[in-house]
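Data block below; observations after.
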Amino acid sequence: MLIMIAAVAENNALGKKNKLVWHLPNDFKRFKSLTTNHHIIMGRKTFESFPKPLPNRTHIVISRQENYNPGGCIVVDSIEKAIAICPENEDSYIIGGGEIYTLGLQYADIIEITRVHHTFEADAFFPKINEREWQLVESEENFKDDTHLYDYTYETYIKK
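The numbers in my numbering rise by one with no breaks, and the one at position 82 of the sequence shown is 92.
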């Protein structure tokens with residue numbers, strides 16, 4: 011299965027200046043739990059936003075830069091090549107950014123969204139989920155607390 015995973019604000023904001031604009035520790039734990047020991051597909055800017063490669067994951071980075079080779083990952087120049095590298099009988103994840111989500115939407119089987127219940131100024135956005143093509147099958151509300159400044163909901167969509 012090809013799964014898109016993202017934390018997305020009410021206005022579909024993903025981040026600004028290559029950074030998240032919120033901090034949700036439980037979402038980080040969920041992301042780690044779901045993606046560990048799997049292939050993760052991302053754009054170059056998303057990869058460069060990490061202080062180092064994420065442990066116990068195979069990184070596939072999509073870049074138009076011909077000689078881009080940061081080490082510790084596989085570099086390809088298209089979403090199709092990235093998907094082709096992923097094992098067929100295992101879950102693989104598209105983890106961003108905005109352009110890669112837009113390119114990957116047509117190939118995804120599942121979307122795992124953490125919907126942050128706030129709007130933010132941003133320069134990267136998640137594509138609109140078309141309700142004629144995607145069905146919400148699971149939703150789990152979480153409320154702000156001492157370590158989470160915003161209410162948020164885990165949402166799982168499957169392709170119709």
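Don't be surprised by glycine CBs; every beta carbon is placed ideally from N, CA and C.
Treat the numbers as computed from the prediction; the structure is a model and nothing was measured.
| query | result |
| --- | --- |
| Kindly indicate which residue of Phe-136, Lys-170 and Asp-155 has the alpha-carbon position closest to the one of Ile-15. | Phe-136 |
| Any chance you could list the beta strand (DSSP E) runs of at least 3 consecutive residues sitting entirely within the segment 107-167, in chain order? | 120-126 and 144-152 |
| Within the same chain, show all residues whose beta-carbon is closer than 6 Å to that of Lys-107, passing over the 5 residues directly before and after it, in chain order. | Here residue 107 turns out to be Gly, not Lys, going by the sequence shown. Gly-53, Lys-55, Thr-56 and Ala-134, listed in sequence order. |
| Where Gly-82 and Ile-95 are concerned, what is the direct C-alpha to C-alpha distance, given to the nearest angstrom? | 15 Å |
| Figure out for me which residue from Ile-168, Glu-76 and Val-126 has the closest Cα to the Cα of Val-18. | Val-126 |
| With DSSP run on the structure shown, which of helix, strand or coil describes Ala-44? | Residue identity differs from the one stated: residue 44 is Leu in this sequence, not Ala. If DSSP states are grouped into helix, strand and coil, Leu-44 belongs with the helices. |
| State the Cα-Cα distance for the pair Lys-91 and His-33, rounded to the nearest angstrom. | 32 Å |
| If you run the structure through DSSP and keep just helix, strand and coil, what is Lys-26? | strand |
| Does Lys-169 come out as helix, strand or coil in the three-state DSSP assignment? | strand |
| Let me make sure I understand the geometry here. Which of Ala-118, Asn-28 and Glu-150 has the alpha-carbon closest to that of Glu-1? | The displayed coordinates of the chain run from 11 to 170. Any statement about residue 1 would go beyond what the structure contains. |
| Rounded to the nearest angstrom, what separates Ile-84 and Asn-77 at their Cα positions? | 12 Å |
| Please return the same chain residues whose Cβ sits closer than 7 Å to the Cβ of Thr-157, not counting the five positions on each side in sequence. | Pro-35 |
| Does the distance from the CB of Leu-12 to the CB of Ile-123 come in under 8 Å? | no |
| I believe Gln-145 touches Ile-110 by the beta-carbon criterion, under 8 Å. Please report the beta-carbon distance rounded to the nearest angstrom. | Gln-145 to Ile-110, Cβ: 23 Å. No contact. |
| In its own chain, which residues sit with a C-beta less than 6 Å from the C-beta of Asn-28, not counting the 5 before and 5 after it? | Lys-55 and Ser-59 |
| Near Thr-68, what residues of its chain come up, given a Cβ to Cβ distance below 6 Å and the 5 sequence neighbours on each side ignored? | His-49 |
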